[in-house]
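Beneath this line is the structure, given in structure tokens, with notes to follow.
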């Protein structure tokens, strides 16, 4: 009676296709059954082409209300096998609302079978408070859902996966499960594809898109569980009967690299000795972009490990000029007693497939599968832009920058612009076209309509764009300074030392060819965000920063008041009695230099470093050096000649050096003030910067007018003084420059404080 109640059928499908009314199929009997089954699928056997890759088995226990299903496929251990019942209420079979079981093997090699419910043609999104669970998701992540399948058995042999599970015909779950009939023909669905292993955000094995055409990696059929079918042509035959060992790199655990004799090398012919990683022979190594991989190389001094783009290795550069070496060198060798540590950081530009090999011997290693990690792992810095709707990621290199932008809400396209607003900005737009291909293009925007959006030809490399559940993410790499001229995009220069003003926009759709006003954004940032590329942070657009304002004020006091005042004192106050002019000159100069150095420290502290890249900084450093020469110049001043003696060459050279460097410092310092204003205007785009620039111009003009007036008075005074021998630059005999500028109280100054060449005579009336 039990034998009569049990019925079994096995259906095999070519090239990974499960039972389908339009696909080739074969059926084979269970070992316990010898009688042939119904011929419904026997006709499909004549259409069989190629090698069988996928089989379905079932055993019906109608009295218990259960069915045991076996899925068997000649696929890799990282593949899933899915089978289930389509929605009986649908007019035609479809994946949506299907009740399927996904079976496969975990990364540890353990079999599993779990109940899934399909709500969308996408990978599972676990949902948030604002959006529901959607995609191909386990039943238990839905409200009131549970796993109604029970694993019975599973194994992998000779490259073939087999998983057997049991489910009830009526699970009692009318929301996520289909009521399966034991006697009626019903529509079924099937698929095979790769599994996404669990991570911290999604703790489930999730099927990825199967890809491929219908009846090859997915399909539909009609099955009656009560009918017996026998249409099988022997066991499944896998192309690769040896399961490839796999190792997943962990940032915290070094990979131990050794060498040993080859036993099952995956890509023969091969040398006698090959590379082992963690005691596994030439495994498939899986790494994530942005996650460092540490190797402990102890394979012997004749095995130098390196990561290469060449599948054969062995210093392939000698025969393959295009080989790219990502890590390793001739020094990456060691033994167990003294291992060598090799650190490799795959980045977003690393290809999906590279190889670990020996530099000295070809074909000792095997493949490295490089997959995307989280964007935060792939990029060094990230910030949330205005309104926290877009996240910007970036990594700086010597002459380029890699950028990624990810929207935080669903949209048809995502745009990021460099500027104070979308108007007059350089924009980068990412979208996925109707053909499913992601694209990223650059634009110059000078208007608020579609006519004001102009495509540019920027040199964008490593471009990627994808949409996951409507969330746009795009990436690209571009040079910091475009190597072109004459085009508008050539002015799109990114200076890492200057904050980058960034805005964003989103909209429903975008077209790479002809744009209309319907492509205009539906939501945009309310203000730009200043991204500090070197610091890895951001701040809202605002007026002058207090610290930089202090820097500017101190530089104005030094170069606009104190240092010029010291020069004017030395030039126009020597006619006064005593050494008052000298005291004023020295104190003003030293005070100006001290305040100038303090101002530099304030700027360096605000910018977290000292960068000589902008025009302002170059002028500032030049003025700083010229001003710093003056105290040193005063220390080495030659002695002044005695009355009637000619000046020595050293004295003449010193006078020229002192005057030229001093006045050059003032000129360069004032230029630095104006370039600093321009730099701040570019950095902050603030109206008060323009007002301060005009105020500085008025101050400089006023100083020039005052200087001209003082010079006029001085020339007039000297023209009436027949004993004066002063000149504009050199030879001013009124200057007692024998004074020690560093020690104003010295005896030399006291002994030579009175002007030379002038004799005072006291006249008294004669007594009568």
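Numbering (full-length UniProt numbering), first residue to last: 1 to 768. By construction, the Cβ of each residue, glycine as well, lies at the ideal position given by its N, Cα and C atoms.
- Item | Run of the alpha helix (DSSP H) containing residue 618, from where it starts to where it stops | Taken as a continuous stretch (DSSP letters only), the alpha helix (DSSP H) holding residue 618 covers 615–635.
- Roughly how many angstroms lie between the CA atoms of residue 202 and residue 196, to the nearest whole one? Computed Cα separation, rounded: 9 Å.
- Using only alpha-carbon positions, find the residue among 169, 379 and 614 that is nearest to residue 289. Residue 289 has its Cα closest to that of 379, out of 169, 379 and 614.
- Item | Given residue 347 as reference, the closest of 374, 191 and 431 once Cα atoms are compared | It is 374.
- Query: In the DSSP assignment, what residue or residues form a beta bridge with residue 404?
  - Reply: Per DSSP, 393 and 475.
- Between the Cα of residue 834 and the Cα atoms of 136, 337, 225 and 458, which residue gives the shortest distance? Not covered by the structure: residue 834. The range shown for the chain is 1 to 768.
- Task: For residue 112, collect the residues of the same chain with a Cβ closer than 8 Å to its Cβ; drop the 5 residues on either side in sequence, then sort them by chain order.
- Result: Correct list, in chain order: 103, 104, 105, 106, 151, 154, 163 and 205.
- Query: alpha helix (DSSP H) containing residue 398: first to last residue?
  - Reply: Bounds of any alpha helix (DSSP H) do not take in residue 398, whose DSSP letter is neither H nor E.
- Give the single residue among 394, 514, 358 and 263 whose Cα lies nearest to the Cα of residue 535. Checking every option, the nearest Cα to that of residue 535 belongs to 394.
- Less than 8 Å between the CB atoms is what I'm expecting for residue 247 and residue 54, so what's the real figure, rounded? Cβ atoms of residue 247 and residue 54 stay farther apart than 8 Å, at about 28 Å.
- My guess is that residue 307 and residue 282 are in contact by the Cβ rule of under 8 Å, so how many angstroms apart are they, rounded? 14 Å between Cβ atoms; not a contact.
- Rounded straight-line distance, which links the Cα of residue 418 to that of residue 466: Roughly 22 Å between the two C-alpha positions.
- Message: Quick check on DSSP: helix, strand or coil for residue 324?
- Response: Correct three-state label for residue 324: coil.
- Query: So the alpha helix (DSSP H) residue 546 belongs to, where does it begin and stop?
  - Reply: Where residue 546 is concerned, the enclosing alpha helix (DSSP H) stretches over 546–557.
- Message: According to DSSP, simplified to helix, strand and coil, what is residue 770?
- Response: Nothing can be reported for residue 770, as the shown portion of the chain is limited to 1 through 768.
- Task: With a cut-off of 8 Å on the beta carbons, I'd call residue 401 and residue 494 a contact; round off their distance for me.
- Result: So it is a contact: roughly 6 Å between Cβ atoms.
- Item | Proximity winner among 298, 322, 89 and 390, relative to residue 309 (alpha-carbon distances) | When only C-alpha atoms are compared, the closest one is 322.
- Message: Beta-carbon within less than 7 Å of residue 769's beta-carbon, same chain only, minus the 5 sequence neighbours each way: which residues are those?
- Response: The chain is shown only over 1 to 768; residue 769 falls outside these bounds and no answer can be derived.
- In chain order, what residues of the same chain have a beta carbon less than 6 Å from the beta carbon of residue 119, not counting five sequence neighbours either side? Result list for residue 119: 134, in chain order.
- At what residues does the beta strand (DSSP E) containing residue 562 begin and finish? Run containing residue 562: none; DSSP gives neither H nor E here.
- Item | Cβ-Cβ separation, residue 599 to residue 551 (assumed contact under 8 Å), whole Å | Taking a contact as a CB-CB distance under 8 Å, the pair residue 551 and residue 599 counts as one, their CB atoms being some 5 Å apart.
- Task: Go through its chain and collect everything with a Cβ distance to residue 554's Cβ below 8 Å, but skip five positions before and after it.
- Result: Excluding positions up to five away in sequence, the list reads 595, 596, 598, 599 and 602.
- Query: Whose C-beta lies closer than 6 Å to the C-beta of residue 137 among residues of the same chain, with five residues either side of it excluded?
  - Reply: Answer for residue 137: 124, listed in chain order.
- Message: Check for me: the alpha helix (DSSP H) holding residue 296 runs from which residue to which?
- Response: Unbroken run through residue 296 is the beta strand (DSSP E), 293–297; no alpha helix (DSSP H).
- Specify the secondary structure class of residue 388 as computed by DSSP and reduced to three states. DSSP places residue 388 in helix when its eight states are reduced to three.
- Where the beta strand (DSSP E) through residue 115 begins and ends: Looking at the DSSP string, the run of the beta strand (DSSP E) that includes residue 115 is 111–118.
- Kindly indicate which residue of 220, 273 and 313 has the alpha-carbon position closest to the one of residue 300. If we check each option's Cα against that of residue 300, 273 comes out closest.
- Task: For residue 168, write down the residues that DSSP places opposite it in a beta bridge.
- Result: Looking at the DSSP assignment, residue 168 forms a beta bridge with 66.
- Between residue 99 and residue 80, is the Cβ-Cβ spacing less than 8 Å? Taking 8 Å as the Cβ cut-off, residue 99 and residue 80 do not qualify as a contacting pair.
- Grouping DSSP H, G and I as helix and E and B as strand, with all else coil, what is residue 535? Of the three classes helix, strand and coil, the one that applies to residue 535 here is coil, per DSSP.
- Task: Kindly give me the distance between the Cβ atoms of residue 278 and residue 256, rounded to whole angstroms, as I take these residues to be in contact under 8 Å.
- Result: Indeed they touch by this definition, with Cβ atoms about 6 Å apart.
- How many angstroms separate the CA atom of residue 718 from the CA atom of residue 565? Roughly 21 Å separates the two Cα atoms.
- Item | Nearest residue (CA-CA) to residue 330, options 337, 315 and 336 | Considering only alpha carbons, the answer is 315.
- Query: Apart from the five residues on each side of it in sequence, which residues of its chain come closer than 8 Å, Cβ to Cβ, to residue 560?
  - Reply: Result list for residue 560: 670, 673, 696, 699, 700 and 703, in chain order.
- Item | Residue range of the unbroken alpha helix (DSSP H) whose run includes residue 375 | Run containing residue 375: 375–378, per the alpha helix (DSSP H) assignment.
- Query: Does the distance from the CB of residue 383 to the CB of residue 538 come in under 8 Å?
  - Reply: Taking 8 Å as the cut-off, the Cβ atoms of residue 383 and residue 538 count as close.
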